[in-house]
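Worksheet for the structure shown next.
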Amino acid sequence: MQAPIGVFDSGYGGLTILKELKQQLPQYDYIYLGDNARAPYGTRSFDTVYHYTLEAVEWFFKQGCSLVILACNTASAKALRNIQQLDLPHMAPDKRVLGVIRPSSEILGTYSFSHHLGILGTTGTIQSESYPIELAKFAPEASIFQQACPMWVPLIENGQQDGPGADYFVQLYIDQLFAQSSKIDTVLLACTHYPLMEKKIQSFLPEHVKLVTQGDIVAKSLATYLQNHPEMDQKCSKKGQLQFFTTDNPASFEEQGSLFFGQKIAANHTDLA
Ligand code: DGL
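Per the working numbering, residue 6 is the first one in the sequence shown, and the count goes up by one each step.
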């Protein structure tokens, strides 16, 4: 049986990834799920994020999906390893769950000349140390400097990304990152919400610094994965259709989500039952 590719985030952020997937791999069907009723995940404990993410993955499997992308750094950092190693083998050995941290880590080092890399993410992603651990494999020559930006997701989820409050908090966290090293020449937005403030963030960075977002990286990595795994590709339906689900109010999701996705969307509610 063929089914759509599942794309998951705590809220709206994963739509910045889905937008790129649809652009680069338009032939596939996608189901997006935003757990808006329980977002943000960034400040929650390891166990809570793992438990919520596992529930979402089980929901995707009930929809028939064989492949699920955790388009959320926090969920990738706190839940992916457990799901891959502890849950999938007995729950659904033929299904796959992929995250966004590994593909980003595979490529990030290649952008840098100074080998000083900056990572901006939620408190959960930064405290998990997932990026330094992954980057040690793919960019062992690089020094990694991390900064948690706990105010950015709430500003974005509340539509305040262009307001003066956002200016203050963008400046604050950028200053804190560069206080760790003035040699940083490459900065990763390691949270799928942050591309909504990309222009603002870029304007507060020194001019020579490259700002990296994850949509393009994740789409290219998924394309390679599907090429290398024809057995999985065969399980993915290809009618170019999109479906959107939220655990909260669909009307709000449609309004706010269209900003992240860049076009109008129609959303349904699910209580993950
Ligand atoms: N979009 C999520 C990420 O990439 C974070 C949002 C949240 O804190 O729930 O980490």
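Note that beta-carbon positions come from the ideal geometry of N, C-alpha and C, so glycine has one too.
| Item | Value |
| --- | --- |
| Considering only their Cβ atoms, is the gap separating residue 174 from residue 156 smaller than 7 Å? | yes |
| Consult DSSP for residue 105 and reduce its assignment to one of helix, strand or coil. | coil |
| Note down, in chain order, each residue of its chain lying with its Cβ closer than 6 Å to the Cβ of residue 96, except the 5 sequence neighbours on either side. | none |
| How about residue 221: is its Cβ closer than 6 Å to a heavy atom in the ligand DGL? | no |
| Which runs of the beta strand (DSSP E), 3 residues or longer, sit entirely within the stretch 190–231? | 191–194 and 215–217 |
| Measuring only the C-alpha atoms, how far is residue 161 from residue 179? | 17 Å |
| What does residue 73 pair with, by DSSP beta-bridge criteria? | 11 and 102 |
| By Cβ distance, which residues of its chain are closer than 6 Å to residue 191, with the 5 residues on each side in sequence left out? | 116, 117, 122 and 215 |
| Any heavy atom of the ligand DGL closer than 6 Å to the beta-carbon of residue 56? | no |
| Quick one: is residue 98 buried, meaning 16 or more other Cβ sit within 10 Å of its Cβ, or exposed? | exposed |
| So, helix, strand or coil for residue 148, using DSSP? | strand |
| Thinking C-alpha only, which one of 105, 77, 152 and 269 is nearest residue 280? | As displayed, the chain neither begins before 6 nor continues past 278, which places residue 280 out of reach and without an answer. |
| Starting from residue 248 and walking both ways along the beta strand (DSSP E), at which residues does that stretch end? | 247–251 |
| To the nearest angstrom, how far is the alpha carbon of residue 61 from that of residue 201? | 24 Å |
| Can you find a C-beta in chain D that's less than 7 Å from the C-beta of residue 32? | No chain D appears in this structure, which consists of one protein chain only. |
| Please classify residue 261: is it buried, with 16 or more other beta-carbons within 10 angstroms of its beta-carbon, or exposed? | buried |
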